[in-house]
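First up is the structure itself, then whatever we jot down about it.
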Amino acid sequence: MRGCSLMASPCKTQSQSSSYSSSVVEDNQNGLRRGPWTVDEDSLLVHSISVHGEGRWNLLAIRSGLRRTGKSCRLRWLNYLKPDVKRGNLSPQEQLLILDLHSRWGNRWSKIAQHLPGRTDNEIKNYWRTRVQKQAKLLNIDTNSSEFKEIINCFWIPRLVHQINESSNSPSSSFSSPPPPNMPPARLASQLSDTDTLPAADGKGRHFDTEQNSTSSESVDISQVSDPFSDVPSWNHCSEMTAAGFEYPIGNSRSPLTGWVDDDDTFGGCLWNFDGLWQF
DNA sequence: AATTACCACAACCGCAAAATT
DNA sequence: AAATTTTGCGGTTGTGGTAAT
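86 is the number that full-length UniProt numbering gives to position 86 of the first sequence; each next residue is one higher, with no gaps.
Set out below in structure tokens:
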């Protein structure tokens, strides 16, 4: 795997991280610190929260003696320090759920995160940007386009389901990202309750693409959301073109060698190459 | 061995809603 | 009721690690 799965502490030992402050910026105007958190700061924040509890972040920041904004403290706690935050790679089940929920809710990261125990909106957002949008970019397709959504439905999701089935069928599977044993199973979209549906309008003025907006302007019909684990593929609505083998969008002259494989006959003889997505 | 490019992720920012005074 | 503060969200940027050259 390239890169570092985690930034501040997991890539480093405690002592290394303690000295990991070269990039910390001191705001001269009010003496506040910015940038990566040190182990000492983390300890201070955790201790302060254990004493005063969560909330009132500005006050907490002052009480703790941390020269950080309340906002920064809140973010650090919620995205990293909170005990139930789950670290590590997203399981195929989680990826599947993200794809499914995003198709319905768009960039409602926090809402999506509510259905992935231990995962933060930031993590899901990063996943989407670094994995999903990367693929879209490679294909020169807009992630909001119907083409891309069809690719998700016809290739990506089936591939994930395939991998999940494979890993469940063979305990010794070498699948690189098995679900954590103690993790509560993430609910599938098809298992969401009615209260999970979107209201007619959230009134928050959040911005998401118009197509998503139009979709989310009405309650989601759960019955129309196929179970991705079902043996009956939900991608059977895919067009003849994609079922027979996806063709590049008109005008896309990119070489098939860079992102596609056609050596797997599992899903119609032509598959998007997702391999990189599995190898975290 | 040094440099460059890319990647994943943590952290910051601006904005708006909600809560409090 | 208005003003102020706090909280939460989504978008964006910055950083360090690693692979490639």
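Note that beta-carbon positions come from the ideal geometry of N, C-alpha and C, so glycine has one too.
The Cβ neighbour count for Leu59, taken over all protein chains shown within 10 Å, is under 16; the residue is labelled exposed. Classified as buried, Glu41 has 16 or more neighbouring CB atoms from the shown chains inside 10 Å of its CB. Boundaries for Arg67: no beta strand (DSSP E) harbours it, and the DSSP string shows neither H nor E there. Note on geometry: alpha-carbon atoms of Trp57 and Ser64 lie some 10 Å from one another. Residue burial is scored here from C-beta neighbours: Gly88 has fewer than 16 other C-beta atoms within 10 angstroms and is therefore classed as exposed. Rounded to whole angstroms, Phe148 and His115 show a C-alpha spacing of 23 Å. DSSP places Val39 inside the alpha helix (DSSP H), whose first and last residues are 39-52. The DSSP-derived three-state label of Asp142 is coil. For secondary structure counted as the alpha helix (DSSP H) over 4 or more consecutive residues, the UniProt domain "Myb-like" (82-132) holds these complete runs in sequence order: 92-105, 109-113, 121-127.
Around the C-beta of His102, 16 or more other C-beta atoms lie within 10 Å, and the residue is accordingly described as buried.
By the neighbour-count criterion, in which a residue is buried when 16 or more other Cβ atoms sit within 10 angstroms of its Cβ, Pro92 is buried. Proximity to Leu81 across Ile62, Thr69, Leu160, His47 peaks at His47, based on C-alpha coordinates.
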